[in-house]
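I have placed the structure first, in the form of structure tokens, so that the comments after it can refer back to it.
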Amino acid sequence: MSLLLIKNGHLIDPANAVDEKSDLWIRGGKVVAVGNYDGKADRVIDAEGKIVCPGLIDMHVHLREPGQEWKEDIESGSRAAVAGGVTSMCCMPNTGPHIDHAGIALQIIARAKQVGLCNVHPIGAVTKNLDGKELTEMRELSRAGCVAFSDDGLPVWHAGVMRKALEYSASFGYLVIQHAEEKTLTAGGAINEGWISTQLGVAGMPAVGEDSMIARDIMLARLSGARYHVAHISTQGAVELVRQARKQGL
């Protein structure tokens with residue numbers, strides 16, 4: 051097998067506590083040495099002034115395939131990902147049809163393998179049709195390859211449904227990702243509510259619309275013992291809520 055040398059790069063690998071300028075030797079797609087190595091490279095890449103690191107993972111992408119390929123598809127999204135150093139990505143379920151049954155998850159995985167540029171991991175829907183009313187068959191979605199569950203840009207607004215989702219997820223160690231937004235408070239808003247929205251004459255969304263749902267979900271996560279992640283944070287109150295929950299081990 052040919053030997054590749056990437057020299058003079060700034061190596062960063064948090065998993066192995068590496069943060070230094072060094073050389074990287076690769077054979078057959080695997081790292082064989084860092085620094086000095088007794089061998090002659092068949093190919094040399096000078097990475098002076100560049101960062102060399104393991105492939106990045108993007109946990110929140112919208113590939114839109116199937117159903118909305120005019121916006122994005124698995125091939126175009128994969129090409130953009132690898133161009134930016136991303137080798138694995140998790141795609142949200144707002145496709146058409148949604149990733150709310152195993153067949154769609156399997157279709158996405160098969161298409162990603164056909165494209166063959168990076169790893170694509172589907173995120174399954176929490177509720178059928180993303181409507182916040184009835185849970186999907188989360189176990190079947192997981193077996194099909196879904197790595198987490200979310201209703202993406204829509205909140206799981208019903209507290210009872212969210213509790214069931216978290217309790218079920220806790221049984222299998224699933225991660226639930228929430229778009230935290232109380233729509234009855236934020237409806238019609240375009241930016242965060244405050245003096246800027248008033249000055250611009252643009253309808254604002256009050257911070258409590260985000261904070262209240264995160265506070266609710268933290269209590270439900272504590273009750274169920276589930277793994278919970280907030281997809282978007284835009285308020286000081288939300289940051290503090292998450293910070294305190296993490297300190298408490300949630």
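Take the numbering used here: the last position of the sequence shown gets the number 300, and nothing is skipped along the way. All residues carry an ideal CB built from backbone N, CA and C; glycine is no exception. All values derive from a computational prediction rather than experimental measurement.
* Taking 8 Å as the cut-off, decide whether the C-beta atoms of S192 and F222 are in contact. => yes
* **Among C168, M269 and K80, the one whose alpha carbon lies nearest that of M51** => K80
* Endpoints, the alpha helix (DSSP H) within which K233 is located -> K233 to T236
* Under three-state DSSP, which class holds E36? -> Not covered by the structure: residue 36. The range shown for the chain is 51 to 300.
* Asked: Across which residues does DSSP place K183 in a beta bridge pair?
  -> K183 is not bridged to any residue.
* Tell me which same chain residues have a C-beta within less than 8 Å of the C-beta of E187, skipping the five on either side of it? -> H151 and A152
* To do: In angstroms with no decimal places, state the Cα-to-Cα distance between G210 and G182.
  => 10 Å
* **Helix, strand or coil at L225 according to DSSP, with G and I counted as helix** => strand
* To do: Give a single yes or no on whether K100 has its beta carbon closer than 7 Å to a heavy atom of the ligand ADP.
  => The ligand ADP is not part of this structure, which contains no ligands at all.
* Is Y87 helix, strand or coil when you go by DSSP? -> coil
* With distances taken between CB atoms, is the gap from D73 to K57 smaller than 8 Å? -> yes
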